[in-house]
Each structure stands twice: as C-alpha cells, then as structure tokens.
Amino acid sequence: MNFIEAKSYADLSRKAANIISAQIILEPESVLGLATGSTPIGTYQNLVKGYQNGDLDFSRVRTINLDEYCGLSTDHEQSYRYFMNHHLFNHINIDRNNTNVPNGCAEDLQEECSRYEKLIASLGGIDLQLLGIGHNGHIAFNEPNSYFEKDTHVVKLKESTIQANARFFNTIDEVPKKAISMGIQSIMRARKILLIANGSDKKDIVMKSVYGPITPEVPASILQLHPDCTVIYSY
Ligand code: GLP
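Letter by letter, the sequence shown follows residues 3 to 237 of this note's numbering.
Here is the structure:
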C-alpha cells in the first residue's frame with residue numbers, strides 16, 4: 003500500500019483529484035469507480051475545476067458507483083444518484099448514459115444486483131476505484147460481517163451506519179435501512195484503488211484497516227491484499 007499524508011482536507015482533496023486526473027488524461031476511456039459520502043466532495047470539486055480550466059475531458063469516461071440506498075428515488079436529495087449529479091456530473095462534459103449508480107428503487111432488488119454485476123463485467127472492470135471509509139471500516143456499504151460478500155448485494159445497514167448517516171436527513175427515521183452495494187470482489191478487482199480518509203475520528207479505523215488483521219469484521223482490511231492501493235489521509 004502507498005500512504006500519502008495530506009496537510010488538510012483541501013490538500014487531501016487536491017491530491018486525490020490529481021491522481022484521478024492523471025488516470026483520465028492517460029486513459030481517456032477510463033472506467034472510474036466512484037464513491038459518495040462527505041469525504042469525496044472536495045475531490046469532485048477539484049475535478050470540476052480541472053474540467054473548467056480545460057485540463058480534463060470526461061467525454062469518453064465511464065463511471066460506476068459503489069452503492070445506493072434502497073427506496074430513495076433518483077431525485078431524492080439524499081440518494082447517491084442525486085449526490086453524483088449534484089457534485090460532479092452536472093458540471094462536467096460526461097455523457098450521462100456512461101454514468102452508473104445502482105437502482106435502489108428496482109422492483110426486484112436481487113435482479114438489480116445481477117444486472118449491476120454484469121454491467122461491471124461489460125465495462126471491462128474498473129480502472130481506478132475511489133473509496134471512502136466508514137467508522138466501522140465499511141467500504142461502499144460492505145458492513146462488518148463474518149464473511150466477505152463477493153458480489154453486488156442488498157445490505158441491511160448497521161445501526162452505527164444509520165446513525166452516522168442520519169446527519170444528512172431530517173430525522174433518523176428517514177435514513178433507509180437497506181442499500182445495494184458493490185461487493186468486495188468487484189472492488190478488489192479494480193486495477194487501482196484510492197482510499198481517502200479525513201478527520202481524527204477516522205484515524206483508529208484507518209490504522210486498524212491498514213495494520214490490523216485482515217478480517218471481514220473490518221471490511222477495509224482486505225485492501226492490504228490489493229497490489230495497487232493508495233491511501234490518502236488527513237487527521
Ligand atoms: C457511506 C458510504 C461510503 C462512505 C461512508 C463514509 O456510508 N456508503 O461509501 O465511504 O459513508 O462517509 P463519509 O465520507 O461521509 O465519512
């Protein structure tokens with residue numbers, strides 16, 4: 003694993019965007035695996051700047067997001083599709099048909115999971131996967147468990163995750179209890195991984211993930227086995 007210590011959130015965001023920019027410049031048809039949560043917002047702002055100043059062209063880039071809440075429509079402000087449009091896609095020259103987020107409102111959620119698996123394969127896998135990390139070590143919505151979930155699946159969110167994400171909703175009761183998440187295998191198959199973590203409250207879990215035992219109880223610990231994983235952190 004490569005470690006980059008950033009001086010601040012702004013520095014972390016610029017450094018992460020620089021790595022993603024290099025990927026797009028060198029491979030204009032890249033498949034980017036994208037993440038939501040508060041941490042990547044600054045990274046996306048820097049990518050938008052890169053587009054605005056003429057350094058980045060997203061016209062041939064394809065994207066695939068990690069996860070989506072079940073039951074929130076795409077125009078719900080807390081859905082991850084809305085988040086991606088709002089923070090990135092609305093501001094760059096990406097073809098919206100080349101952007102993918104699981105459909106959390108699909109009638110048959112299992113079928114949606116299989117569709118998403120096939121989609122990842124049809125894109126030829128992921129060139130660069132951006133990841134945040136939850137306080138309990140979750141990546142995407144792969145929650146601590148007794149085994150690693152391989153493929154895209156429906157997750158029952160942990161109480162701690164519901165509580166952590168309640169800050170984005172009016173009341174905790176509005177936080178969806180389920181989500182669709184890419185599995186650990188699809189994430190680990192990404193050719194490059196970039197994990198970003200910000201804030202002193204993430205320090206313990208980052209340490210545990212990077213130096214502790216590899217266990218599904220700390221899903222991010224599996225990243226120790228990835229051949230090209232970079233961690234940028236700012237505490
Ligand atoms: C959510 C997302 C994760 C994200 C995590 C951390 O649960 N599903 O992909 O990494 O939140 O979010 P934040 O960056 O806001 O701490």
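Beta carbons are placed, not taken as given, at the ideal position from N, Cα and C, and that holds for glycine. Every value quoted in this text rests on a predicted model; they were computed, and no experiment measured them.
Residue i (DSSP reduced to helix, strand or coil)
{"i": "residue 54", "result": "helix"}
{"i": "residue 131", "result": "strand"}
{"i": "residue 45", "result": "helix"}
{"i": "residue 99", "result": "helix"}
{"i": "residue 149", "result": "coil"}
{"i": "residue 174", "result": "helix"}
{"i": "residue 234", "result": "strand"}
{"i": "residue 222", "result": "helix"}
{"i": "residue 74", "result": "coil"}
{"i": "residue 196", "result": "strand"}
{"i": "residue 227", "result": "helix"}
{"i": "residue 92", "result": "helix"}
Whole-Å CB distance - residue i paired with residue j, under 8 angstroms assumed
{"i": "residue 181", "j": "residue 220", "result": "The Cβ separation is near 19 angstroms, so there is no contact."}
{"i": "residue 63", "j": "residue 96", "result": "6 angstroms"}
{"i": "residue 1", "j": "residue 33", "result": "Missing from the structure shown is residue 1; the chain here goes from 3 to 237 and no further."}
{"i": "residue 222", "j": "residue 135", "result": "5 angstroms"}
{"i": "residue 130", "j": "residue 192", "result": "7 angstroms"}
{"i": "residue 3", "j": "residue 212", "result": "6 angstroms"}
{"i": "residue 154", "j": "residue 188", "result": "7 angstroms"}
{"i": "residue 237", "j": "residue 201", "result": "7 angstroms"}
{"i": "residue 218", "j": "residue 162", "result": "Not confirmed; about 16 angstroms, so no contact."}
{"i": "residue 65", "j": "residue 100", "result": "7 angstroms"}
{"i": "residue 160", "j": "residue 138", "result": "6 angstroms"}
{"i": "residue 195", "j": "residue 230", "result": "7 angstroms"}
Segment limits, alpha helix (DSSP H) that includes residue i
{"i": "residue 61", "result": "Premise fails: residue 61 is in no alpha helix (DSSP H) and is neither H nor E."}
{"i": "residue 88", "result": "82-89"}
{"i": "residue 161", "result": "161-167"}
{"i": "residue 123", "result": "111-124"}
{"i": "residue 210", "result": "205-213"}
Where the beta strand (DSSP E) containing residue i begins and where it ends
{"i": "residue 156", "result": "155-158"}
{"i": "residue 20", "result": "Note, residue 20: premise wrong, no beta strand (DSSP E); alpha helix (DSSP H) at 11-28."}
{"i": "residue 180", "result": "180-183"}
{"i": "residue 186", "result": "Element bounds for residue 186: not the beta strand (DSSP E) but the alpha helix (DSSP H), 186-190."}
{"i": "residue 139", "result": "Unbroken run through residue 139: none, as it is neither H nor E."}
{"i": "residue 39", "result": "Counting along the chain, residue 39 falls outside any beta strand (DSSP E), and DSSP gives it neither H nor E."}
Legend entry - Residues near the ligand GLP, criterion Cβ-heavy atom distance below 6 angstroms: 37, 38, 39, 40, 41, 68, 69, 134, 135, 136, 142, 143, 163 and 167
Inset, instruction - Count the C-beta pairs between the stretch 101-119 and the stretch 164-177 that are closer than 8 angstroms, then say yes if the count reaches three, no if not. - result: no
Legend entry - Contact between the stretch 40-57 and the stretch 71-80 (3+ Cβ pairs under 8 angstroms): No: fewer than three Cβ pairs fall under 8 angstroms.
Legend entry - At least three beta-carbon pairs within less than 8 angstroms, the stretch 35-42 to the stretch 112-132: Three or more Cβ pairs drawn from the stretch 35-42 and the stretch 112-132 lie within less than 8 angstroms of each other, which places the two stretches in contact.
Inset, instruction - Specify whether the stretch 115-129 and the stretch 77-93 touch according to this definition: at least 3 beta carbon pairs, one from each stretch, less than 8 angstroms apart. - result: no
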